[in-house]
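Structure record follows, encoded as structure tokens.
In the numbering used here, the protein residues as written are 5 to 551.
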């Protein structure tokens with residue numbers, strides 16, 4: 005899946021395929037205008053030859069193929085939108101008699117390509133985490149800048165873009181393996197809304213890959229974004245596929261997310277909303293639809309220069325590996341209360357003096373510390389104060405980053421969380437374990453939708469036909485008569501029920517609690533008791549005997 009990169013081979017291939025100008029002619033031009041020393045950049049583009057020249061390598065000269073020339077108006081706009089991340093550009097005409105190359109001179113931005121400076125391991129070493137966070141925060145600022153500099157398009161231009169992307173999705177639906185169809189259909193259904201102006205039209209880079217993001221190898225801070233040849237005005241979110249590459253890496257075994265991927269995503273959106281507060285009013289579900297559109301187009305289409313050549317073939321294992329990693333997941337739309345879990349529920353402490361005693365004890369008897377270097381110390385936390393001596397009955401829910409605004413009557417589709425962490429996640433507070441264990445047959449580490457549906461059916465019965473008819477993915481899991489396609493995944497009667505999954509209470513207390521729970525855990529939202537109705541349930545305010 006991965007190949008060894010050869011700089012000389014890449015340069016040789018560029019000149020052989022794209023022009024009759026020579027490498028020496030290009031080098032001589034750069035030396036004449038900026039002086040030496042001259043060096044090719046370590047990672048070359050497919051349709052360009054790029055060198056640094058001048059004292060301290062202060063200038064970059066890029067020689068681009070005919071069908072890959074820059075739109076200088078886009079470069080100028082990029083400099084306005086992202087002043088600290090984009091270099092000024094000067095056009096010098098062409099070089100070569102046949103298939104001439106376009107010549108561009110730019111100030112050399114500091115830093116190294118992200119692909120050269122990143123850490124390639126799932127678990128990030130302590131020294132890499134801060135650099136990684138700096139990259140993520142700066143990239144969030146970069147995207148916020150585009151949001152804050154919204155562009156105007158005419159209705160005709162918006163309609164033309166929508167038709168263009170609809171045609172691309174049609175091509176992908178006809179060409180890609182069937183496992184990608186569910187998400188392609190979800191994108192297709194909302195494509196008109198994405199291009200309607202519901203999301204702002206912004207400057208989109210078009211090729212925000214690991215080679216075109218420059219960072220400081222020492223600090224991780226973003227130092228520049230290069231290669232704007234594919235820049236366009238598009239709905240916000242379509243270029244967000246570039247952020248996905250910061251959350252992991254590809255190797256010969258496939259795509260790997262970093263183990264702190266969730267924290268990095270959280271940091272990205274916190275920073276983005278701080279820098280672009282108006283974005284808090286946006287439909288996050290629609291932003292994720294735009295992002296998925298960008299992912300499908302990035303990894304599912306074959307583009308040479310500015311020309312669309314078609315869709316990838318079934319033998320293109322490299323591109324399919326990216327699509328499998330990003331475009332087959334079913335939880336890419338944020339949902340209401342998506343991050344509700346025990347970690348995000350705070351309980352009021354009954355005695356504030358506990359903290360004073362704790363601080364004094366830490367001073368007198370410090371817990372173990374790990375010294376990484378002169379400036380970095382990891383402290384063992386004091387995070388268990390035992391049971392409350394006096395019940396306060398006061399809780400506060402925090403961390404609403406992944407929540408979504410919902411208007412009355414508004415329907416949200418898609419999973420609200422990842423896999424087994426979907427509701428009822430608060431069951432962990434009662435039993436110390438998840439209510440469901442939906443793993444794939446033969447693989448205890450892999451989540452399985454059918455197993456999850458089977459366990460829910462064992463607990464509360466089969467879903468009503470009306471609910472199945474309204475589902476977008478019903479046919480993937482259910483037969484036309486409403487039965488699961490794999491009924492063997494439904495636990496046998498009596499093997500899985502509220503009665504045998506609750507061990508922390510017994511007797512009438514348990515009976516009343518199960519009655520209370522069953523008022524909430526129902527297939528149809530219309531049949532569930534409201535929060536106000538639940539407040540009147542006897543289990544909440546009466547003591548019942550236990551065995």
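We treat Cβ as the ideally placed atom computed from N, Cα and C, and that holds for glycine.
- The Cβ-Cβ distance between residue 198 and residue 239 falls below 8 Å.
- In this structure, the alpha-carbon of residue 86 lies about 56 Å from that of residue 506.
- With respect to the C-alpha of residue 285, the residue from 466, 182, 448 and 204 having the closest C-alpha is 204.
- For the pair residue 90 and residue 277, the Cα-to-Cα distance works out to about 22 Å.
- Note on geometry: alpha-carbon atoms of residue 431 and residue 113 lie some 52 Å from one another.
- Bridge partners of residue 444 according to DSSP: 447.
- For residue 30, the uninterrupted alpha helix (DSSP H) run begins and ends at 27-38, by DSSP.
- Selection 92, 515 and 67 evaluated against residue 77 yields 92 as nearest (Cα-Cα).
- Residue pairing by DSSP puts residue 236 in a beta bridge opposite 208.
- Taken atom to atom, the span from the alpha-carbon of residue 536 to that of residue 527 is near 19 Å.
- Ranked by Cα distance from residue 538, the options 517, 548, 547 and 301 are led by 517.
- When the alpha-carbon of residue 244 is set against those of 255, 127, 228 and 210, the nearest one is in 210.
- Pairing residue 44 with residue 121 gives a Cβ-Cβ distance that is not under 8 Å.
- With fewer than 16 neighbouring CB atoms inside 10 Å of its own CB, residue 318 falls in the exposed class.
- Here residue 155 carries a strand assignment [DSSP, helix/strand/coil].
- Take residue 37, set aside five residues on each side of it, and the residues of its chain with a beta-carbon closer than 8 Å to its own are 57, 63, 65, 96 and 109, in chain order.
- For residue 47, there is no enclosing beta strand (DSSP E), as DSSP marks it with neither H nor E.
- A distance of 8 Å or more separates the beta carbons of residue 455 and residue 467.
- For residue 371, the three-state secondary structure derived from DSSP is coil.
- Here DSSP, grouped into helix, strand and coil, assigns residue 306 to strand.
- Collapsing the DSSP output to three states places residue 66 in a strand.
- In the three-state reduction of the DSSP assignment, residue 320 falls in the coil class, being assigned neither a helical nor a strand state.
- Secondary structure at residue 527: coil, using DSSP grouped into helix, strand and coil.
- In the DSSP assignment, residue 226 falls outside any alpha helix (DSSP H) and lies within the beta strand (DSSP E) extending over 226-229.
- A distance of 8 Å or more separates the beta carbons of residue 300 and residue 105.
- Of the residues assessed, residue 331 falls on the buried side of the cut-off, its CB having 16 or more other CB atoms within 10 angstroms.
- Residue 247 sits close to residue 143, with the two beta carbons spaced by under 8 Å.
- A direct Cα-Cα distance of roughly 40 Å separates residue 322 from residue 59.
- In terms of Cα proximity to residue 271, the closest of 524, 145, 71 and 496 is 145.
- Within the same chain, and ignoring the five residues on either side of residue 236 in sequence, the residues whose Cβ sits closer than 7 Å to its Cβ are 208 and 210.
- Between residue 180 and residue 315, the alpha-carbon positions lie close to 8 Å from each other.
- Contact check for residue 494 and residue 444: beta-carbon distance about 15 Å, past the 8 Å limit, so the pair fails to qualify.
- Taken through DSSP and simplified to helix, strand or coil, residue 494 comes out as coil.
- For residue 247, the enclosing alpha helix (DSSP H) starts and ends at 245-248.
- Between residue 23 and residue 135 a beta carbon distance of about 38 Å is seen, past the 8 Å cut, so the two are scored as non-contacting.
- Under the three-state reduction of DSSP, residue 57 is assigned to strand.
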